[in-house]
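Residue numbers (the UniProt record's numbering): 1 to 696.
Yeah, the Cβ is synthetic: ideal placement off N, Cα and C, and Gly gets one too.
A quick note: this is a predicted structure, and the numbers were derived from the prediction, not measured.
A short worksheet on the structure shown next.
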């Protein structure tokens, strides 16, 4: 009886386990996780194939090819010994390095001997050369059988795969084979790239006693897997060294290639994941006083939602790195080529970060990572933390910024967000004028600093002097030093670029080096830091001041999210700068012409406002009310109650509906509504101005 009860309980437990495993409630989550795993597998295999192409075309690192070349030379030593008396001296002379000037000088002074010697020995060596070639071929074929195998030079697929053939849409049964291979490769991927590294890292963390610290990070799986990959990379390089000692060439090369794959993967994670995350957290820490927050608040938010918090900080860090790189590209357009030699040029066609990851040793990447963290962190301190301290000292009531999620203002947040997304951001993100203004400011600052510190030649170069020197001495390289004092950094820059890019140096323009050059560079750096500090103070205060003043006419004393006030202030500043630049462009034409154009544009703005009120005000409001009356009110309000309407929300929803209707209409066939929308879309202020002139 007891055995029967135990058997029934075991059967029930098995049924419960199977039911939990195949629960229909978790079916959607399991499908999504499966799609994620398949996507990761596909991306991993594509990345491996692409990395293989990079190694094949760009060449393997020198430490990976060094032992193989020594082995090949060892196999061919017999051929060299046989060739010493049979013309091998000539081959040896050709293979000599260029650091033997004595022998090369002797050969250069006796060209007749060098030309007559092959003629005298040509007939004697004619019969023996064939024997030497055959012996060399036999020796190479016999001794290099193990060396011919290359894990990176597999044959490509004989037939080209298409999506129809892969998915079985062409009617063939190859699709079943593809399904089998997909399942097998996914299983292999999970075992090799996830299961094994995770358990290696887990055993190591448990053995070292760091399990509690890893669990406290809320990312135990990710950190454990990364630790496993690091230990796997160390094990691979150790095994590679042992294989090189015992002369196992196949194993040595395979272990080296596996180490390169793991190394590149870890470096990609560090460059794309860890570095922006560090920048994002450092930005948040340095800006805590600006939002009246503390580290305890950030810790609580991280404890409540660790994934979201880390993603937001990573996103902020990526935006910061992107705009910093964009500003560096703008500086390269203004400054003399060679000033920013210590920074990588992203626009250089020879720049290949993957090749750098493959060829450069790990300590070089570690040193570059530390320097990048120091530079980016120092800039954040200079342009964020220090201005906040100065603002709190000079303007005690200006900070903190109001960043609450919900506002007590009578204005709907939806209408403000719509105004921000549809009006402000398109103008601010319009790169043409803003980039030209910023470039002009950088050029003006560079010219000013160059003339104040006598560094104009260093910062901007001497174009006229270089052109004259090029015309007078086109082929005289030693006379180039007569134009300016020799620059110490020129050779360093060339060597640096040659190491990083595996090629010759990029364009470098010489310059005049004034007296007390290091002191002038130090003063230039101080001047640059002061300028960045002042610019940061202006950017943190002026737009918010203007936005708060303008929003006070609309919302009164109610507090508004500083995102809206800052965006409104930036938009007003943008309009002001735009108007000033237009007036400056009209200045040479005279006062009467300016007044005439102001009159014309004022009339055009009035006409545009009337049309905008109809198209952007009345029509969206009617669409929103129609949507509210026909769809929302019958579904939300019972028949015995009266619905309440909010014009601001109806207008905001109407704008969204109008944009959706216009987008769908423009995607459809040609009819009268599409023609009208295209006419309204393509009509601009310039066309209206031309129409006005034709009317006169």
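Which of helix, strand or coil does DSSP assign to residue i?
| i | result |
| --- | --- |
| residue 348 | coil |
| residue 433 | helix |
| residue 397 | coil |
| residue 204 | helix |
| residue 638 | coil |
| residue 682 | helix |
| residue 337 | coil |
| residue 460 | coil |
| residue 671 | coil |
| residue 557 | coil |
| residue 599 | helix |
| residue 210 | coil |
| residue 454 | coil |
| residue 361 | coil |
| residue 608 | helix |
| residue 294 | coil |
| residue 392 | helix |
| residue 580 | helix |
| residue 199 | helix |
| residue 513 | coil |
| residue 571 | helix |
| residue 699 | Since the first residue shown for the chain is 1 and the last is 696, residue 699 is missing from the structure and cannot be characterised. |
| residue 219 | coil |
Take residue i as the anchor and find which of the options has the nearest alpha-carbon.
| i | options | result |
| --- | --- | --- |
| residue 648 | 636, 622 and 53 | 622 |
| residue 554 | 541, 30 and 568 | 568 |
| residue 60 | 441, 343 and 259 | 259 |
| residue 257 | 275, 236 and 247 | 236 |
| residue 577 | 543, 551 and 363 | 543 |
| residue 266 | 349, 354 and 37 | 354 |
| residue 57 | 571, 358, 613 and 570 | 358 |
| residue 287 | 533, 193 and 383 | 383 |
| residue 509 | 337, 315 and 564 | 337 |
| residue 219 | 303, 264, 250 and 230 | 303 |
| residue 274 | 41, 310, 305 and 245 | 310 |
| residue 653 | 212, 625 and 640 | 625 |
| residue 515 | 455, 529, 443 and 396 | 455 |
| residue 35 | 586, 660, 63 and 186 | 186 |
| residue 378 | 529, 234 and 590 | 529 |
Does the beta-carbon of residue i have 16 or more other beta-carbons within 10 angstroms, so that it is buried, or is it exposed?
| i | result |
| --- | --- |
| residue 628 | buried |
| residue 205 | buried |
| residue 682 | exposed |
| residue 117 | The pLDDT assigned to residue 117 is 41, lower than 50, so where the model puts this residue is not dependable; a value taken from the coordinates is nonetheless given after this. Exposed. |
| residue 262 | buried |
| residue 104 | No answer about residue 104 holds up, because its pLDDT of 35 lies below 50 and its placement is not dependable. |
| residue 562 | buried |
| residue 655 | buried |
| residue 471 | Residue confidence for residue 471 is low, a pLDDT of 47 falling below 50, so the modelled location carries little weight and cannot support an answer. |
| residue 668 | exposed |
| residue 279 | buried |
| residue 457 | buried |
| residue 350 | exposed |
| residue 642 | exposed |
| residue 547 | buried |
| residue 680 | exposed |
| residue 571 | buried |
| residue 323 | exposed |
| residue 453 | buried |
| residue 339 | buried |
Give me the Cβ distance between residue i and residue j, rounded to the nearest whole Å; I'm assuming they're in contact under 8 Å.
| i | j | result |
| --- | --- | --- |
| residue 200 | residue 214 | The Cβ separation is near 14 Å, so there is no contact. |
| residue 228 | residue 197 | 3 Å |
| residue 371 | residue 317 | With 8 Å as the limit, residue 371 and residue 317 do not qualify as a contact, their Cβ atoms being about 17 Å apart. |
| residue 390 | residue 583 | Contact flag wrong, Cβ pair sits at about 33 Å. |
| residue 392 | residue 399 | 6 Å |
| residue 282 | residue 380 | 6 Å |
| residue 312 | residue 329 | Actually they do not touch by this definition, with Cβ atoms about 26 Å apart. |
| residue 663 | residue 619 | 15 Å between Cβ atoms; not a contact. |
| residue 369 | residue 230 | That pair is no contact at about 14 Å. |
| residue 512 | residue 462 | 7 Å |
| residue 268 | residue 51 | Between residue 51 and residue 268 the Cβ distance is about 10 Å, and since that is not below 8 Å, they are no contact. |
The ligand ADP and residue i: does the residue's C-beta get closer than 6 Å to at least one heavy atom of that ligand?
| i | result |
| --- | --- |
| residue 438 | This structure lacks the ligand ADP, and indeed carries no ligand of any kind. |
Original post:
When the Cβ atoms of the stretch 229–241 are set against those of the stretch 43–50, are three or more pairs found closer than 8 Å?
Top reply: No, because fewer than three Cβ pairs between the stretch 229–241 and the stretch 43–50 fall closer than 8 Å, the two stretches do not touch.
**OP:** State whether the stretch 518–533 contacts the stretch 443–463, with contact taken as three or more CB pairs (one from each stretch) at a distance under 8 Å.
**Re:** Yes: the two stretches touch, three or more of their Cβ pairs being nearer than 8 Å.
Subject >> Validate contact between the stretch 434–442 and the stretch 588–603 using beta carbons, cut 8 Å, 3 pairs >> reply: The answer is no - the stretch 588–603 does not touch the stretch 434–442, with fewer than three Cβ pairs under 8 Å.
Original post:
With contact counted as at least three CB pairs below 8 Å, one residue from each stretch, are the stretch 391–406 and the stretch 279–293 in contact?
Top reply: Yes, the stretch 391–406 is in contact with the stretch 279–293.
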